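First the structure, in the form of structure tokens, and then the observations on it.
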Ligand code: G3H
Ligand code: 13P
Ligand code: ZN
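Residue numbers (UniProt numbering): 2 to 329.
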């Protein structure tokens, strides 16, 4: 059944678990994630970015969610817009049947320029007012995602902040978070504490200098009833890097967010954990393996099925690790 983000995260808070939010762009990813939720009996957040909507078409995405809800009627499914950049994008997502939207006002509508606090409050507030009329949930973001090592925003795919960012911008200010939630009435708050999108988050296993989990603890103390969201939460597992590189890939050594750190976040109010990169890597590793082991192969199912299985396994691992399993 369809569920809003608010309904799901209220339940998660009550029972102290976290919910991974997995990005999808196509049918294979949708089926793989839903199979994992079914196997673990876990509620599900599926999210689509603006790029995903462009790639897959809103009608296709909407019908895909309808199909997953019909195939797995016992699994609560929240369909969420990832990184909306303005009221129009959020509204069209709602019109397509999304039960939750993110209004990311940490950046201006260009998705690159760090926005002023006033802009963020205004644009987020206008989206919550609109969305709440329709019973749709809203996630806001305060603080800019990016690297505490380099001061740079996301380096992948050209999305993320441009220019060198200060620690003030890269770490959510707990006091400001209190004011932001009060003014905007968001259902969930994404915070910045040193993670970035994509595979290249850290040049070493992160410690407290480059992954500031303490910020989450402070915010949770001040806002115990606000559902916190961690973006850029792929763990970028070493074994997935190895599979990709073993079969012709060239990924430089990199580190993501260790699962133990996410578990620490979940103890401190993190309820939604955004993961895309890990699933991309899981799929790509298997596609590379099958194609290099079977050079004459050209049936897409032969490489997409193992890719889906690898993705299902990763999703199951996260449902177990975050305590989501068993709550559907
Ligand atoms: O925002 C980050 C998500 O991984 C979505 O990425 O914008 O390339 O679809 P995307
Ligand atoms: P990753 O790139 O770490 O998977 O983060 C995804 C994300 O935050 C989507 O909003
Ligand atoms: Zn994100």
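By construction, the Cβ of each residue, glycine as well, lies at the ideal position given by its N, Cα and C atoms.
Predicted model only: the values in this text are computed from it and were never measured.
- In the structure shown, residue 48 adopts extended strand secondary structure according to DSSP, grouped into three states.
- Out of 54, 74, 185, the CA that lies nearest to the CA of residue 96 is found in 54.
- With contacts defined as CB atoms closer than 8 angstroms, residue 106 and residue 125 qualify as a contacting pair.
- In the structure shown, residue 291 adopts helical secondary structure according to DSSP, grouped into three states.
- Per the Cβ contact rule, the stretch 162-181 is not in contact with the stretch 248-263 (fewer than 3 Cβ pairs under 8 angstroms).
- Each of 324, 79, 102 was checked against the Cα of residue 90, and the nearest Cα belongs to 102.
- If one requires a minimum length of 3 residues, the beta strand (DSSP E) runs lying completely within the stretch 81-139 are 101-104, in chain order.
- Nearest to residue 318 by C-alpha distance, out of 21, 88, 100, is 21.
- Proximity annotation: the ligand G3H has residues 24, 50, 52, 53, 83, 84, 158, 160, 198, 277 in chain order, each selected because its CB is closer than 6 angstroms to a heavy atom of the ligand.
- Across the structure, residue 115 and residue 161 are spaced so that their CA atoms are roughly 9 angstroms apart.
- If you keep only unbroken alpha helix (DSSP H) runs of at least 4 residues inside the stretch 221-271, you get 239-247, 260-268.
- In the three-state reduction of the DSSP assignment, residue 200 falls in the coil class, being assigned neither a helical nor a strand state.
- Here residue 187 has 125, 129, 139, 140, 141 as same chain residues with Cβ atoms under 7 angstroms from its own Cβ, once five neighbours each way along the sequence are excluded.
- When DSSP states are grouped into helix, strand and coil, residue 276 belongs to the strand group.
- For residue 232, the CB falls within less than 7 angstroms of some heavy atom of the ligand ZN.
- With a cutoff of 8 angstroms on beta-carbon distance, residue 191 and residue 149 are scored as not near each other.
- Distance check between residue 30 and each of 69, 7, 2 places 69 closest, using alpha-carbon atoms only.
- Annotation for residue 6: the continuous alpha helix (DSSP H) segment containing it runs 6-15.
- Take the alpha-carbon of residue 6 and the one of residue 230: they are about 11 angstroms apart.
- For the options 92, 81, 17, 312, the alpha carbon positioned closest to that of residue 235 is the one of 312.
- For residue 275, the distance from the CB to the nearest heavy atom of the ligand ZN is below 7 angstroms.
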